[in-house]
Amino acid sequence: MKQIEPVMPEELDVVLDGAEFLSKAGTEEERIQDKMIRDASADGGMFLHLRVSAVKFENCRFWESSFERGGFTDVIFQSCDFSGCDWSGGYFERVHFIACKGVGAKFSSVTMKNVTVKECNMDYVNFDAARLEKIVIEDTRLNSSNLTQCKCRQVTWKRAELVNASFFKTSLRGMDFTDSIINGLVLSEDNSELHGAIVDVFQAAELAKRMGLIIK
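Position in the sequence shown (first residue = 1) + 45 = the working numbering.
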């Protein structure tokens, strides 16, 4: 699978007060473009309906904040903490999340295309009913996460932790989990989500127990 990388200008304008800048842009419905937002901080911020393109967020902290129905194109989140934030209904294209923390974040009903999540802690994240296309999840924790009823195309897992993750009514066909941890997956009663998934011998033996099989 070949991803399209974020497209950035050579120079970005530095924003001094990132939280205030985002809030104002959302209120006035202004597009945010060609910016560097560094060290911004907000707890419980309301940043609704943002339109963001060619922007890098670096070392920002947004706890329990709302970014609902935002549009993010050609964006990089580097070393940011958005634990508990709500990104529901958003659109993400050519976006990288690198070394970020998003524990308990909500991405329900989002659309993501050409997105990379690398070296992140996304435990307890909620991707319910998300549309995911050309996604790479690498060296990232998604333990006890919710990926139910997702529509997936070309999703790649590289050394991901998915302990007790829920894929209820999400087809895993064509996904390779051989170098990831998938203990305790939450699936439908007939385990139909597993049809066509790629696992190693040890994972297959564990999954077989769910189906009542005894391997000698």
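Note that beta-carbon positions come from the ideal geometry of N, C-alpha and C, so glycine has one too.
**Collapsed DSSP secondary structure at valine 97 in the structure displayed** = Counted from its first residue, the sequence shown places residue 97 at position 52. Residue state, collapsed to three classes: strand.
**Request:** List the whole-angstrom C-beta distance separating leucine 239 from leucine 258, where the pair is believed to meet the contact cut-off of C-beta under 8 Å.
**Result:** Taking the first residue of the sequence shown as 1, we reach residue 239 at position 194. Taking the first residue of the sequence shown as 1, we reach residue 258 at position 213. About 13 Å separates the CB atoms of leucine 239 and leucine 258; that is not less than 8 Å, and the two are not in contact.
**Message:** Which of the three DSSP states is assigned to glutamine 248 in this structure?
**Reply:** Position 203 of the sequence shown holds residue 248. The answer is helix: DSSP assigns glutamine 248 an H, G or I state.
**Prompt:** Count the other CB atoms within 10 Å of the CB of serine 284; is the residue buried (16 or more) or exposed (fewer)?
**Reply:** Absent from the structure is residue 284, since the part of the chain shown begins at 46 and ends at 261.
**Message:** Quick check: what's the CA-CA separation for glutamine 36 versus methionine 81?
**Reply:** Residue 36 lies beyond the range of the chain shown here (46 to 261); nothing can be said about it.
**Request:** Tell me where the beta strand (DSSP E) around glutamate 178 begins and ends.
**Result:** Residue mapping note: residue 178 aligns to position 133 of the sequence shown, counting from 1. Per DSSP, glutamate 178 belongs to the beta strand (DSSP E) from 176-183.
**Asked** Do valine 148 and phenylalanine 117 have their C-beta atoms closer together than 9 Å?
**Response** Working through the sequence shown from its first residue, we reach residue 148 at position 103. Working through the sequence shown from its first residue, we reach residue 117 at position 72. Taking 9 Å as the Cβ cut-off, valine 148 and phenylalanine 117 do not qualify as a contacting pair.
**Asked** What residues match up with tyrosine 136 in a beta bridge as DSSP calls it?
**Response** Position 91 of the sequence shown, counted from the first residue, corresponds to residue 136. Under DSSP, tyrosine 136 takes part in a beta bridge, and its partners are Gly116 and Thr156.
**Item:** asparagine 213, DSSP secondary structure in three states
**Value:** For the purposes of this step, residue 213 is identified with residue 168 of the sequence shown, where counting begins at 1. One detail in the question is off: residue 213 reads as phenylalanine in this sequence, not asparagine. DSSP places phenylalanine 213 in coil when its eight states are reduced to three.
**Request:** Note down, in chain order, each residue of its chain lying with its Cβ closer than 8 Å to the Cβ of valine 208, except the 5 sequence neighbours on either side.
**Result:** By one-based count along the sequence shown, residue 208 stands at place 163. These residues qualify, in order along the chain: Asn188, Ser189, Ile226, Ile227, Asn228 and Gly229.
**Request:** For isoleucine 182, I'd like the list of residues in its chain whose CB is within less than 6 Å of its CB, leaving aside the five on either flank, ordered along the chain.
**Result:** Working through the sequence shown from its first residue, we reach residue 182 at position 137. Taken in chain order, the residues that qualify are Val162, Trp202 and Ala205.
**Request:** Select from Arg255, Gly134 and Glu164 the residue whose C-alpha is nearest the C-alpha of arginine 114.
**Result:** Within the sequence shown, the letter at position 69 stands for residue 114. It is Gly134.
**Request:** Determine which residues share a DSSP beta bridge with serine 111 and list them.
**Result:** What you label residue 111 is simply residue 66 of the sequence shown in a count that begins at 1. Met91 and Asp131.
**Asked** From which residue to which residue does the beta strand (DSSP E) around threonine 201 run?
**Response** Your numbering for residue 201 matches position 156 in the sequence shown. The continuous beta strand (DSSP E) containing threonine 201 extends over residues 196-203.
**Message:** I'd like the list of long-range same chain contacts for methionine 256, defined as Cβ closer than 8 Å, with 5 residues on each side in sequence excluded.
**Reply:** On the sequence shown, residue 256 is found 211 positions in, with the first residue counted as 1. Cβ neighbours of methionine 256 beyond the five flanking positions: Asn236.
**Message:** In this structure, how does DSSP classify alanine 103 when only helix, strand and coil are distinguished?
**Reply:** Residue numbering aside, residue 103 sits at position 58 when the sequence shown is read from its first letter. It should be noted that the sequence gives glutamate, not alanine, for residue 103. Glutamate 103: strand per DSSP, three-state reduction.
**Prompt:** When DSSP labels each residue in this structure, what does threonine 161 get in the three-state scheme?
**Reply:** On the sequence shown, position 116 is the one that residue 161 refers to. Strand, per DSSP.
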